[in-house]
Structures are given as C-alpha cells and as structure tokens.
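Following: one structure in structure tokens, then a few remarks.
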Amino acid sequence: MKNILLICLFFLFLSCNSGKKKSSLGLTEFQIELNNEYKDASKSPLKKADLKNFTGLEFFPINENVKVTAHLERVPDSDFFFMKTTTDRLAEERVYGILTFKIEGKEYKLNIYQGKQLMRTKGFQNYLFLPFTDKTNGVSSYYGGRYMDLRIPEGDSIELDFNKAYNPYCAYNEKFSCPIVPKENHLDYEMKAGVMAFKKG
1 MKNILLICLF
11 FLFLSCNSGK
21 KKSSLGLTEF
31 QIELNNEYKD
41 ASKSPLKKAD
51 LKNFTGLEFF
61 PINENVKVTA
71 HLERVPDSDF
81 FFMKTTTDRL
91 AEERVYGILT
101 FKIEGKEYKL
111 NIYQGKQLMR
121 TKGFQNYLFL
131 PFTDKTNGVS
141 SYYGGRYMDL
151 RIPEGDSIEL
161 DFNKAYNPYC
171 AYNEKFSCPI
181 VPKENHLDYE
191 MKAGVMAFKK
201 G
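Mapped onto the working numbering, the consecutive letters of the sequence shown carry residue numbers 1 to 201.
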C-alpha cells in the first residue's frame, strides 16, 4: 500500500511540473501569438538550427504587479536624433513623451519614442517604441534589454504591461539591426516579466 502511494505521488509531481513548463511557454494571447510567429519560418528571426528544435520561448511567470497605468507627458516638436543600433545603421527617432509610473510603491520614468520611418508607414502612424533595460539583463533576460510596442493614446495616460516585453531580433540572430536602448531608459528594478533570455539549442 505504501509503495502504491509513493508511485501516485511521483506521477502527481511529474504532472504538476509538466503543466508549469507548458504554461510558461504559452499562457497568454501575447505569448501564444509570439510563439506562433517564431515557429513560422517565413517570419521567425531564429537561425535555421535553432528553429529546427524550437518549441517555444521561455517567459517569466505572469506578474500582475507590473501591469500599471503610466502618466504620459508629451514632448511637443521634439527633435529627431539618430539612435544607435547593433549595426552601422542609425534609427531616426524622437522622444514622443515621458512616462511616469509606480511599481511596488516606487516611481519610475522612461522615455517613449516615435520613429520617423514608421510615422510615414501606413498602419503605423500612431506606433510608439518603448525600449528599456533593467536589473535582470545578462542574468535571466537578454543582456541588451527588451522592447515594448505601444500606441498613441487619446488622453494623457497609457497602460503598460511589462508581461508583454519582448527581446529584439538580434537576441536570436546577429544579422538583424536592433536599436540600442538609450542609457536614460534603465529601470533600477528586476523586471521579472515578459520574455526571458533565449537559450540556444
């Protein structure tokens, strides 16, 4: 009887762990869509060798504390500048505004950017770019920081969900040209949310 109980507990343990692993790879709509994109050879930034063994990106557990409402202070008529990238290319961006928000009682500020090229691209005129680094970089997340995609809101507030933070393409393949996160967009916080560092097969 004792042996049967131990066997049952063993399989229960395996079942629980298997469920956790599966959910961490695709729990939300954002995670599922991102994984589907990366599995598609016509869209994926992954190298052929990595795509061959790809089963899904790894994500931090969903963190409700990093779903926040930020105050948006617009910076009217800000000048465009050349944002450095991981290649010789320069991305022409401007500071659209300054986001102020609180996480666990502490206030943070990040610049949010608008790209000149996207402003001229149909369907992306109201696209905003939020790159950031944080204290997980190089440990559990990509060392170069992560990005978030946002849209221009009607008012002076904008919803931020850092569970939707994703890696730049150059985290998977150095052939891509990715904007380097400006130093002023560093969060003095362990942002354990969003996509984790990619473990190459």
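Ideal Cβ placement from N, Cα and C applies to all residues, glycine included.
Checking 8 angstroms against the spacing of the C-beta atoms, do residue i and residue j come in under that value?
{"i": "residue 69", "j": "residue 159", "result": "yes"}
{"i": "residue 56", "j": "residue 91", "result": "no"}
{"i": "residue 151", "j": "residue 130", "result": "no"}
{"i": "residue 73", "j": "residue 97", "result": "yes"}
{"i": "residue 149", "j": "residue 71", "result": "no"}
{"i": "residue 144", "j": "residue 165", "result": "no"}
{"i": "residue 185", "j": "residue 100", "result": "no"}
Put residue i into one of helix, strand or coil per three-state DSSP.
{"i": "residue 21", "result": "Residue confidence is low: residue 21 scores 39 on pLDDT, short of 50, so the model does not pin down where it sits. Its coordinate-derived value is still stated next. Three-state result, residue 21: helix."}
{"i": "residue 46", "result": "coil"}
{"i": "residue 31", "result": "helix"}
{"i": "residue 60", "result": "coil"}
{"i": "residue 119", "result": "helix"}
{"i": "residue 169", "result": "helix"}
{"i": "residue 38", "result": "helix"}
{"i": "residue 184", "result": "helix"}
{"i": "residue 53", "result": "coil"}
Is residue i buried or exposed, if buried means 16 or more other CB atoms sit within 10 Å of its CB?
{"i": "residue 162", "result": "buried"}
{"i": "residue 87", "result": "exposed"}
{"i": "residue 147", "result": "buried"}
{"i": "residue 81", "result": "exposed"}
{"i": "residue 61", "result": "exposed"}
{"i": "residue 142", "result": "buried"}
{"i": "residue 121", "result": "exposed"}
{"i": "residue 125", "result": "exposed"}
{"i": "residue 173", "result": "exposed"}
{"i": "residue 167", "result": "buried"}
{"i": "residue 117", "result": "exposed"}
{"i": "residue 137", "result": "buried"}
{"i": "residue 13", "result": "Any answer about residue 13 is weak, because its pLDDT of 38 lies below 50 and its placement is not dependable; what the coordinates show is given next. Exposed is the call here."}
Excluding the 5 residues flanking residue i on each side, which residues of the same chain have their C-beta closer than 6 angstroms to its C-beta?
{"i": "residue 44", "result": "38 and 51"}
{"i": "residue 93", "result": "83, 113 and 115"}
{"i": "residue 24", "result": "With a pLDDT of only 44 at residue 24, under 50, the local geometry of the prediction cannot be trusted, and no value is derived from it."}
{"i": "residue 47", "result": "173"}
Between residue i and the rest of its own chain, which residues show a CB-CB distance below 7 angstroms, the 5 nearest in sequence each way excluded?
{"i": "residue 95", "result": "75, 78, 111 and 113"}
{"i": "residue 177", "result": "85, 86, 87 and 89"}
{"i": "residue 41", "result": "51"}
{"i": "residue 169", "result": "45, 176 and 178"}
Apart from the five residues on each side of it in sequence, which residues of its chain come closer than 8 angstroms, Cβ to Cβ, to residue i?
{"i": "residue 135", "result": "187, 188, 189, 190 and 191"}
{"i": "residue 182", "result": "83, 111 and 131"}
{"i": "residue 66", "result": "103, 160, 161, 162, 163, 191 and 193"}
{"i": "residue 140", "result": "60, 192, 196 and 197"}
{"i": "residue 21", "result": "Only weak support is given to the placement of residue 21: the predicted model assigns it a pLDDT of 39, under 50, and the value that follows is read from those uncertain coordinates. Contacts found: none."}
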